[in-house]
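Residue numbers (the numbering used here): 41 to 271. Built from N, CA and C at the ideal position, the CB exists for glycine as well.
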């Protein structure tokens, strides 16, 4: 059985200053929002955060950003956060922008024990500056190193006490690969069930990758609300 936390504050208490953390989600979809809120309350500082994006100004990882808890951000999209822009311009935040597919593969490689790989993405762009480029079959490829983290914070729709996780629809974005790439993976689940309640064929993340779980309800905010004028 995995460790079952009774509070989100307890779940993140092992995260300390200068740690590297991975945080699942895409926009605001599939983010472990309660674990993020607990990190804000913990006031841990100087974090390196690996995530597709950095939330929005008033939710998700944007709250850590506002609280000046992030020193470096590794991600692929930053367009929804004005505070992010301000901190970058003012030199308060170090940023490593990575093509989205490359970011996903770097994380997957970290979880699979693959130290590095070559990809054509980024060749001939500023991303390739200072990086190793090799030619295979007449085409240039850029060397990219795997990403790993001290902690991975993920969100699942369902989890059992053995750590097996199931994600709902598009929440199955960066969460599965991040779960495998963290030394310690903490899963925020909407519904906790007993072992055997999840069909093995439906498991997205095997329990071997998960060290602890906590059940909790979420607000599930919408990143950008749009309406159909013709409806």
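Count the other C-beta atoms from every protein chain shown that fall within 10 angstroms of the C-beta of residue i, then say buried if there are 16 or more, exposed otherwise.
{"i": "residue 148", "result": "buried"}
{"i": "residue 146", "result": "buried"}
{"i": "residue 235", "result": "exposed"}
{"i": "residue 129", "result": "exposed"}
{"i": "residue 127", "result": "buried"}
{"i": "residue 259", "result": "exposed"}
{"i": "residue 180", "result": "exposed"}
{"i": "residue 245", "result": "buried"}
{"i": "residue 60", "result": "buried"}
{"i": "residue 164", "result": "exposed"}
{"i": "residue 238", "result": "buried"}
{"i": "residue 50", "result": "exposed"}
{"i": "residue 72", "result": "buried"}
Taking a contact to mean a Cβ-Cβ separation below 8 Å, would you say residue i touches residue j in this structure?
{"i": "residue 159", "j": "residue 175", "result": "no"}
{"i": "residue 256", "j": "residue 124", "result": "no"}
{"i": "residue 79", "j": "residue 55", "result": "yes"}
{"i": "residue 217", "j": "residue 168", "result": "no"}
{"i": "residue 189", "j": "residue 222", "result": "yes"}
{"i": "residue 136", "j": "residue 93", "result": "no"}
{"i": "residue 89", "j": "residue 101", "result": "yes"}
{"i": "residue 201", "j": "residue 85", "result": "no"}
{"i": "residue 110", "j": "residue 104", "result": "yes"}
{"i": "residue 154", "j": "residue 191", "result": "no"}
{"i": "residue 82", "j": "residue 62", "result": "no"}
{"i": "residue 203", "j": "residue 131", "result": "no"}
{"i": "residue 65", "j": "residue 207", "result": "no"}
{"i": "residue 122", "j": "residue 98", "result": "no"}
{"i": "residue 52", "j": "residue 75", "result": "yes"}
Is any non-hydrogen atom of the ligand FMN found closer than 7 Å to the C-beta of residue i, if you look at the structure I gave you?
{"i": "residue 86", "result": "The model depicted lacks the ligand FMN and carries no ligand whatsoever."}
Where DSSP assigns a beta bridge to residue i, which residues make up the other side?
{"i": "residue 185", "result": "156"}
{"i": "residue 66", "result": "69"}
{"i": "residue 227", "result": "194, 253"}
{"i": "residue 232", "result": "199"}
{"i": "residue 79", "result": "Partner(s): none; residue 79 has no beta bridge."}
{"i": "residue 176", "result": "179"}
{"i": "residue 167", "result": "The partner list for residue 167 (beta bridge, DSSP) is empty, contrary to what the question assumes."}
{"i": "residue 112", "result": "88, 134"}
{"i": "residue 222", "result": "189"}
{"i": "residue 44", "result": "253"}
{"i": "residue 61", "result": "89, 191"}
{"i": "residue 205", "result": "199, 245"}
{"i": "residue 128", "result": "None, per the DSSP bridge assignment."}
I believe residue i touches residue j by the beta-carbon criterion, under 8 Å. Please report the beta-carbon distance rounded to the nearest angstrom.
{"i": "residue 44", "j": "residue 253", "result": "6 Å"}
{"i": "residue 95", "j": "residue 133", "result": "Residue 95 to residue 133, Cβ: 13 Å. No contact."}
{"i": "residue 184", "j": "residue 156", "result": "6 Å"}
{"i": "residue 139", "j": "residue 170", "result": "In fact, because the Cβ distance is near 16 Å, the residues do not count as touching under 8 Å."}
Practice task
Check whether the region 221-241 touches the region 193-201, counting contact only when three or more Cβ pairs, one atom from each stretch, lie closer than 8 Å.
Solution key: yes
Practice task
Indicate whether the contact test is met: 3 or more Cβ pairs, each with one atom in the region 165-182 and one in the region 211-221, closer than 8 Å.
Solution key: No, the region 165-182 is not in contact with the region 211-221.
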